[in-house]
Amino acid sequence: MTERQPTQPPADAGGEQFDDADVQLNVRELADVPSVEVISRAAVMLMSAAAEKLGLSHDDPDTAPSRDLDEARRLITALAGLVTSAVEYLGPHAGPVRDGLQSLQRAFRESSAVPDAPGQGPGEKYTGPVY
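Per the working numbering, the very first residue in the sequence shown carries number 1013; after that it's consecutive.
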């Protein structure tokens, strides 16, 4: 019979150590979160990240150090896929999430030196053209 060897608890991005009880508590808590909340949180995270990559949190988006239109395109496309596939589950949250997505798509079009053709912008294969 062998003894259980101590294991190194996982660390978060900041290097803080977690023990098994903390990890198990977080897993149980996640299991209690309704799916609509998980989907909504994911959508908000994608929206926030896309807005940052478009430079929308700065006074002058064109000179924002975090501006990266290639990254913004990916995030907006992921958001469009999530929203399109989960719209039936979002209930009353669907409208505001779709409005946010369309605002990001328009902001992307305005930020681009050479705008995509209608229907070719980020996420438009899922949402249809955004003008």
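Glycine residues also receive a C-beta, built at the ideal position from the N, C-alpha and C atoms.
P1077: which of R1085, R1086, E1064, T1089 sits nearest, CA to CA? Considering only alpha carbons, the answer is E1064.
Own chain residues within Cβ distance below 8 Å of G1093, not counting five before or after: In the same chain as G1093, and ignoring 5 residues on each side of it, the C-beta atoms closer than 8 Å to its own belong to G1135, Y1138, in chain order.
Does the segment 1084 to 1092 come within contact of the segment 1100 to 1108, defined as at least 3 CB pairs closer than 8 Å? The segment 1084 to 1092 vs the segment 1100 to 1108: no contact.
Going by C-alpha to C-alpha distance, which of S1052, P1046, D1032, A1061 sits closest to D1080? The residue with the shortest Cα to Cα distance from D1080 is A1061.
Output the boundary residues of the alpha helix (DSSP H) element that contains V1048. Run containing V1048: 1047 to 1065, per the alpha helix (DSSP H) assignment.
Report the rounded CA-to-CA distance for D1074 versus D1031, giving the unit in angstroms. Going from the Cα of D1074 to the Cα of D1031 covers about 44 Å.
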